[in-house]
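Quick notes on the structure that follows.
Protein chains: 2
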Amino acid sequence: MQTRPRRYHHGDLRAALLTRAEETLEEKGPGALSLRELARDLGVSHAAPSRHFKDKQALLDALALAGFERLLATLTASQETAGESFADRLGALARTYVGFATANAELLDLMFAVKHDPEASEALVKASQSMGGLAAELITQAQRRGEVREGPLETIAIPIFSTLNGFARLAVSVTLPSATLDRDLEHVIAHTLRGCAPDSPAPR
Amino acid sequence: MQTRPRRYHHGDLRAALLTRAEETLEEKGPGALSLRELARDLGVSHAAPSRHFKDKQALLDALALAGFERLLATLTASQETAGESFADRLGALARTYVGFATANAELLDLMFAVKHDPEASEALVKASQSMGGLAAELITQAQRRGEVREGPLETIAIPIFSTLNGFARLAVSVTLPSATLDRDLEHVIAHTLRGCAPDSPAPR
DNA sequence: ACCTGAACACCGTTCAAGT
DNA sequence: ACCTGAACACCGTTCAAGT
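Below is the structure:
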């Protein structure tokens, strides 16, 4: 009765699992994520997912990795439409980062979770380091423009990224009231800019 | 054959559950935390924990709450032995915070987890806000001493706490290499101090 | 190559019943 | 008041077997 032959079950179980998993992750939290339920939702047997992910943890790792890739792409795009000044670029980065965090709260939690499979960790470390690379670009460029103080990269990049990621995660946890979130973010950006400013030129 | 009569099972199941839960949390991660195994470890029936925690989540919430209380106590103590200057006090706070984070990685994850029971959340929000109170004290005092720029409290406290908590969580996740952790923390402290410094007095 | 079905050992939660 | 034992509905994982 099917007009077109149905392919395997509907094409790409692996991708379908990831998509559906991320939906239920964000909707119902990580505790409610069950391989069996995923399989049920997609109309395959409960053992089918094991063909694509050896483990439940393997699926979570894949989810986290995809999250890093998406975040990195969004951050990179934010830099392309931003102005030239460090203030503009940092602002764009921060707002994009926090936007991603609030829209993907559980996913962000997963991405920075303490525990991962040792082998998947490698890919995850690499992915999170690409974000460090992006921050490095931003800063060295701003240093060349004289908008950021001189000094080894990591003495500036790590504090900035700590602040950004820290604020994003506070925003997403119960800690910060969401009513003042936008305003608070602007304070964080302003504060960060202060900390990056070059030493005021000797007055004369 | 017991020389002394055994009390109920050994006194305080609730406390015993929390203690044991935190041990296995830090040892084997949150996924390995099972109420049934906890009960087995303590030699009670698998249904016994439900007398003290209506839920698995309730136990996790209690764990998080205890974590906040312990962290707050440690931070408060760190201020009592620290010097008078803002640099000293902030440094002591930061080192203590990061020390707690690395020693209690999984617990910190739990404390700032996205999802909690609505009713437990209230207590958790209150607990995390006491930390805000501690930061507030630190800053207003430093403002009075002229070591921190003027301005509404939240424009300084939120950025500081974001940085602190952000660094602590990066340190604990896969993101930062542990080899340079101490050095990186000092950079973060120095950077934060810069961002808090009062405007340089008008030269004359 | 990809999936199924049955099986195994484990969960969390509930509830009558015991002391 | 605090705990037990059985029961229920659910897991993740494995493995022979099917196509």
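The listed protein sequences correspond, in order, to chains U and V.
Quick note: the first sequence uses this note's numbering, first residue 4, plus one each step.
Quick note: the second sequence uses this note's numbering, first residue 4, plus one each step.
From the three backbone atoms N, C-alpha and C, an ideal C-beta is built for every residue, glycine too.
> Between the Cα of residue 89 of chain V and the Cα atoms of V:178, V:147, V:161 and V:125, which residue gives the shortest distance?
Replying inline: Here residue 89 of chain V is taken as the residue at index 86 of the second sequence, counted from 1. Among V:178, V:147, V:161 and V:125, the Cα nearest to that of residue 89 of chain V belongs to V:147.
> If you pair each beta-carbon of the region 121-134 of chain U with each one of the region 115-134 of chain V, do three or more pairs fall below 8 Å?
Replying inline: No, they do not touch.
> On the three-pair Cβ rule with 8 Å, is the region 111-123 of chain U touching the region 60-79 of chain U?
Replying inline: Counting Cβ pairs under 8 Å, three or more are found: they touch.
> CB-CB under 7 Å to residue 39 of chain V, same chain, minus the five flanking residues each way: which ones, in chain order?
Replying inline: Locating residue 39 of chain V in the second sequence gives position 36, where the first residue counts as 1. Cβ within range, chain order: 49.
> How do the region 168-177 of chain U and the region 156-172 of chain V stand: do at least 3 beta-carbon pairs fall below 8 Å, yes or no?
Replying inline: Cβ pair count under 8 Å is three or more, so yes.
>> Can you give me the C-alpha to C-alpha distance between residue 84 of chain V and residue 145 of chain V, rounded to a whole angstrom?
In response: Locating residue 84 of chain V in the second sequence gives position 81, where the first residue counts as 1. Locating residue 145 of chain V in the second sequence gives position 142, where the first residue counts as 1. For residue 84 of chain V and residue 145 of chain V, the distance between alpha carbons rounds to 16 Å.
> I think residue 3 of chain U touches residue 66 of chain U, with their Cβ atoms under 8 Å apart; what is that distance to the nearest whole Å?
Replying inline: Nothing in the structure corresponds to residue 3 of chain U, since chain U is present only between 4 and 207.
> Grouping DSSP H, G and I as helix and E and B as strand, with all else coil, what is residue 5 of chain U?
Replying inline: As a position in the first sequence, residue 5 of chain U is number 2, starting the count at 1. Bear in mind that a pLDDT of 30 at residue 5 of chain U, under 50, signals an unreliable position, so the model cannot answer this.
> Span of the alpha helix (DSSP H) holding residue 202 of chain V?
Replying inline: In the second sequence, counting from the first residue as 1, residue 202 of chain V sits at position 199. It is not in any alpha helix (DSSP H) - residue 202 of chain V carries neither H nor E in the DSSP assignment.
> Would you say residue 121 of chain V faces chain U, with C-beta separation under 8 Å as the test?
Replying inline: Locating residue 121 of chain V in the second sequence gives position 118, counting from the first residue. Closer than 8 Å: no.
>> Please classify residue 14 of chain U as buried or exposed, where buried requires at least 16 neighbouring CB atoms within 10 angstroms.
In response: To locate residue 14 of chain U, count along the first sequence from 1; it is residue 11. Residue 14 of chain U sits exposed, since fewer than 16 C-beta atoms from the chains shown fall within 10 Å of its C-beta.
> Nearest to residue 33 of chain V by alpha carbon, out of U:116, U:19 and U:155?
Replying inline: Sequence index remark: in the second sequence, residue 33 of chain V carries index 30 (1-based). That would be U:116, whose Cα lies nearest to the Cα of residue 33 of chain V.
> To the nearest whole angstrom, what separates the beta carbons of residue 161 of chain V and residue 187 of chain U, a pair I think is in contact under 8 Å?
Replying inline: Residue numbering aside, residue 161 of chain V sits at position 158 when the second sequence is read from its first letter. Residue numbering aside, residue 187 of chain U sits at position 184 when the first sequence is read from its first letter. The pair is a contact, with the Cβ atoms about 5 Å apart (cut-off 8 Å).
>> I'd like to know whether the C-beta of residue 53 of chain U is nearer than 8 Å to at least one C-beta of chain V.
In response: As a first step, residue 53 of chain U must be located in the first sequence, where it is residue number 50. No, residue 53 of chain U does not count as interfacial toward chain V.
> What does residue 187 of chain V touch in chain U if you count any residue whose Cβ is under 8 Å from its own?
Replying inline: Counting from one through the second sequence, the residue named residue 187 of chain V turns up at place 184. Simply 157 and 161.
> For the region 168-185 of chain U, which residues have a beta carbon sitting closer than 7 Å to at least one beta carbon of chain V?
Replying inline: Considering only beta carbons, the part of the region 168-185 of chain U lying closer than 7 Å to chain V consists of 168, 169, 170, 172, 173, 175, 176, 177 and 178, in chain order.
> Relative to chain U, which residues along the region 56-71 of chain V have a C-beta separation below 9 Å, given in chain order?
Replying inline: Answer set for the region 56-71 of chain V: 59 and 60.
> Taking the runs of the alpha helix (DSSP H) that are 4 residues or longer, which of them lie wholly in the region 97-125 of chain V?
Replying inline: Residue ranges of uninterrupted alpha helix (DSSP H) with 4 or more members, entirely inside the region 97-125 of chain V and ordered along the chain, are 108-114.
> Leaving out the 5 sequence neighbours to the left and right, which residues in its chain are closer than 7 Å to residue 100 of chain V when beta-carbon positions are compared?
Replying inline: Here residue 100 of chain V is taken as the residue at index 97 of the second sequence, counted from 1. Shown here for residue 100 of chain V: same chain residues with a beta carbon closer than 7 Å to its own, the five before and five after excluded, namely 78, 167 and 171 in chain order.
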